[in-house]
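To keep things clear, I will list the structure first and then write my remarks on it.
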Amino acid sequence: MSAQVKDTHLAILEAGRKEFLEYGYEGASLRRIAREASVTTGAIYGYFPGKEALFDALTGDAADGLLEKYRQVHDEFAGLPPSEQAASLDNITDETIPWMINYIYDRFDIFKLLFCKGSAGSCDSYFAQLVKIEEKSSWDFINAMKESGHEVMDIDGTLIHILSRSFFQQILEFVAHDVPREKALSYSLVLGTFQHAGWKKIMGL
Numbered sequence: 001m002s003a004q005v006k007d008t009h010l011a012i013l014e015a016g017r018k019e020f021l022e023y024g025y026e027g028a029s030l031r032r033i034a035r036e037a038s039v040t041t042g043a044i045y046g047y048f049p050g051k052e053a054l055f056d057a058l059t060g061d062a063a064d065g066l067l068e069k070y071r072q073v074h075d076e077f078a079g080l081p082p083s084e085q086a087a088s089l090d091n092i093t094d095e096t097i098p099w100m101i102n103y104i105y106d107r108f109d110i111f112k113l114l115f116c117k118g119s120a121g122s123c124d125s126y127f128a129q130l131v132k133i134e135e136k137s138s139w140d141f142i143n144a145m146k147e148s149g150h151e152v153m154d155i156d157g158t159l160i161h162i163l164s165r166s167f168f169q170q171i172l173e174f175v176a177h178d179v180p181r182e183k184a185l186s187y188s189l190v191l192g193t194f195q196h197a198g199w200k201k202i203m204g205l
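The letter at position 144 of the sequence shown is residue 144 when you use UniProt numbering, and the numbering goes up by one with no holes.
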């Protein structure tokens with residue numbers, strides 16, 4: 001990629017970022033993006049097939065990175081012996097949640113786009129992927145605790161889904177309301193501690 005092509009590509013991305021943040025996906029205009037990037041609308045199509053591709057180019061790497069790390073954390077937890085899983089529950093709050101908040105806040109504009117400015121249903125679709133990881137981890141943990149002889153409360157898939165989704169909804173609120181990073185970190189740790197205390201009760205720990 002030549003320097004000129006690279007510079008144009010970056011200019012379109014930056015103009016797109018500004019446009020999507022201001023107008024959202026539905027209201028964004030390729031014509032305004034082209035004007036901001038000092039290119040023609042046709043030139044944008046030389047780099048991106050359309051508005052959706054431009055939005056995905058802005059958000060895809062960050063979104064995939066969060067998913068992959070979140071999946072890795074839960075896979076590692078599931079790989080622990082059941083006795084260590086119970087003992088490590090608090091560590092997930094103390095280590096994983098700050099990492100997740102900092103990851104998002106290091107890319108705040110991108111997650112603002114992803115959570116608040118995307119096409120209809122796009123945030124729900126992304127959350128569904130995160131929730132799926134959380135739900136699987138919850139069921140794995142429930143089964144591990146049952147096998148260890150703990151008296152686990154009777155809980156069904158609907159409640160697991162609600163509990164799993166509620167955590168990500170809280171993070172969305174931080175981003176949607178521009179909560180400062182330090183407050184988001186503090187709030188998330190309190191909320192995580194609250195939720196894990198509930199899980200301990202459910203698991204009979």
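Cβ coordinates follow ideal geometry from the N, Cα and C atoms, glycine included.
Under the rule that a run must span 4 or more residues, the alpha helix (DSSP H) segments found entirely inside the UniProt domain "HTH tetR-type" (6–66) read 30–37 and 41–47.
Shown here, residue 100 sits in a helix according to DSSP, grouped into three states. The three-state reading of DSSP puts residue 183 in helix, counting H, G and I together.
In chain order, 11, 12 and 15 place their CB closer than 7 Å to the CB of residue 37, counting only its own chain and leaving out the 5 sequence neighbours on each side. Assignment of residue 71 by DSSP, reduced to helix, strand and coil, places it in the helix class. Rounded to the nearest angstrom, the Cβ distance from residue 126 to residue 57 is 16 Å, too far for a contact under 8 Å.
Residue 66 holds the alpha-carbon nearest to the alpha-carbon of residue 129 among 193, 149 and 66. When secondary structure is reduced to three states using DSSP, residue 117 falls in the coil class, being assigned neither helix nor strand. The Cβ neighbour count for residue 19, taken over all protein chains shown within 10 Å, is at least 16; the residue is labelled buried. With distances taken between CA atoms, residue 74 lies nearest to 137 out of 31, 25, 137 and 84. A direct Cα-to-Cα measurement between residue 103 and residue 110 gives close to 11 Å.
Between the alpha carbons of residue 200 and residue 88 lies a distance of about 12 Å.
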